[in-house]
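Take a look at the structure below.
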Amino acid sequence: MTDVFADLVGQDEAVVTLRRAAASAAALLRAAAPAVSRTGAPAAGGADPDGGHDDLDALAEQVDGPGAADDRPGADPGAGMTHAWIFTGPPGSGRSVAARAFAAALQCIHGTGCGHCPGCHTTLAGTHADVRLVVPEGLSIGVNEMRALVLRAASTPSGGRWQIVIIEDADRLTEAAGNALLKAIEEPPPRTVFLLCAPSTHPDDISVTIRSRCRVVPLRQPSAGAVAEVLVRRDAIAPDVAEWAAAAAQGHVGRARRLARDPEARQRRDAVLAVPRRLTGVGAAFDAASALIEAAEAEAAASVAEVDEAERAALQTALGAGGTGRGAAGAMRGAAGQLKDLEKRQKSRATRAQRDALDRALVDLAGFYRDALTMALRAPVAPVHTDTAALAGAGAQKWDADGALRRLEAVLECRAAIEANVKPRIAVEAMMLALWKG
Ligand SMILES: [Zn+2]
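Take the sequence shown: its position 219, counting from 1, is numbered 278 in this note's numbering, and each next residue is one higher.
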């Protein structure tokens, strides 16, 4: 039997915090509606007539017990819970997995995140009426989207528990959107919970004022061993494949799973790891840059094409294309504007997808030069890419630690430049030249 936190790989401390918060939240609901929890029928669902309130009683005792409320011992039963949270950690550490699991635990009719009740199921499946997920498709989350969201989040939860808003990549909020969110966090509606995900609490990622009103749940990069274990257990991947993929993905669970399962992802990685071998001169460096950029573009185009087409068709239907009903003529007014809006959003999403694809390639490439560096230093560290370890070893001999480090830095500088909006082709060409020259 596994509960909603089972998929949080290697995050024991965070899980303890979240379990405690969910128990506090359940105690708060119980205190607010004693009639409901005492009569035996849970407020929502009612799928568990006998177990429900016993669980809540037990949890409330835990919460009330000495030392249970982490930061304020002896404080009120809700001390472990708060209305705004930030999940931080490197990409792939499971920020959004943690946020969703916590949301499920809050909506769980047992208040624990049992993983089996309707509250848990619908939250994890993304169909719970009181859980809203914001996944930025473009480069930023705009103010209009955020305002609409904040408004809806202020309504009373239909399931009688919590209104939850999960914002993935909260670091991509525009300033105006951040301000709209801040207002809601400063004056929170009584049953609304905001769960933000961001790489860190650095002011570049999340504004200081938002940060000051949230509780932070830091996630760490899971070890390759922990990632491999979950691939074997949950995805039934063969242990040797799981170990290879977990190492190659450098702690990124989703990436490890893709490498283990998707032959195209493996081919793309192979192509990236062939780059160091191909850098034989200036011309070759420019060719390698073009190949890398074009591969990222192709990967991104394939990933958005289907959604783009479906959205376009849906919008045209909604606008009454070919319709003859009374509404059709009216709906066509402004249709051009809506189509233009959609195209703008799709373009922004495509740009994001290209950058994400390119970034994955750069992370793979950085892993190769890191391997060369650790080998040159004779550090007792397992290589990231076991399948190119021999090549990295040859590089280590040829370049020495200094040369390997300079090349690793060139890759990291390229990532930083693209993040700072340097045109990808320019950044990648500069990197390839640096990798060739050393
Ligand atoms: Zn449940």
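Glycine residues also receive a C-beta, built at the ideal position from the N, C-alpha and C atoms.
query                                                                                                      : result
In DSSP terms, what Gln-222 is bridged to                                                                  : Thr-251
Exposure of Ser-214, with buried meaning 16 or more beta-carbon neighbours within 10 Å                     : exposed
Local Cβ density within 10 Å of Glu-365, reported as buried at 16 or more and exposed below that           : exposed
Rounded distance between the beta-carbons of Val-224 and Ala-212, thought under 8 Å                        : 5 Å
Span separating the alpha-carbon of Ala-441 from that of Glu-245                                           : 47 Å
Any non-hydrogen atom of ligand 1 closer than 7 Å to Cys-173 Cβ                                            : yes
Alpha-carbon spacing of Val-331 relative to Asp-228, whole angstroms                                       : 26 Å
Proximity winner among Asp-461, Ala-449 and Thr-447, relative to Leu-436 (alpha-carbon distances)          : Asp-461
Whole-angstrom C-beta distance between Ala-347 and Met-140, which should lie under 8 Å                     : With a Cβ gap of about 52 Å, Met-140 and Ala-347 do not count as contacting.
Given 8 Å, three or more beta-carbon pairs between the stretch 62-73 and the stretch 262-273               : no
Buried versus exposed call for Val-156 [16 or more other C-beta atoms within 10 Å across all chains shown] : buried
Integer Cβ distance of Ser-407 from Gly-310, believed to fall under 8 Å                                    : At roughly 29 Å, the Cβ-Cβ gap does not stay under 8 Å, so Ser-407 and Gly-310 are not in contact.
Span separating the alpha-carbon of His-142 from that of Glu-356                                           : 40 Å
beta-carbon Gly-218 near ligand 1 non-hydrogen atom, thresh 7 Å                                            : no
Presumed contact (8 Å Cβ cut-off) between Cys-179 and Ala-163, rounded CB distance                         : 5 Å
Residue ranges of each beta strand (DSSP E) within the stretch 274-302, 3 or longer                        : 274-277
Proximity of Leu-240 and Val-209 at Cβ, strictly below 8 Å                                                 : yes
Reduced DSSP secondary structure (H/G/I, E/B, other) of Arg-327                                            : helix
Limits of the beta strand (DSSP E) - the one that Ile-145 falls within                                     : 143-147
Ile-265 beta carbon near ligand 1 (any heavy atom closer than 7 Å)                                         : no
Cys-176: CB within 7 Å of a non-hydrogen atom of ligand 1                                                  : yes
Distance cut-off 7 Å: Ile-168 Cβ against heavy atoms of ligand 1                                           : yes
Selected residue, minimal CA-CA separation from Gln-456, among Asp-430, Asn-480 and Ile-477                : Asp-430
Rounded C-alpha distance that separates Tyr-428 from Arg-250                                               : 49 Å
Backbone CA spacing between Thr-76 and Ala-295 [nearest angstrom]                                          : 29 Å
Selection from Thr-410, Gly-426 and Arg-325 that minimises the alpha carbon distance to Ala-448            : Gly-426
Cβ-heavy atom distance, Cys-273 to ligand 1, below 7 Å                                                     : no
CB contact flag (Pro-281, Val-300, <8 Å)                                                                   : no
Under 8 Å between C-beta atoms of Ala-324 and Leu-290                                                      : no
Pair within 8 Å by beta-carbon distance, Ala-257 and Val-286                                               : no
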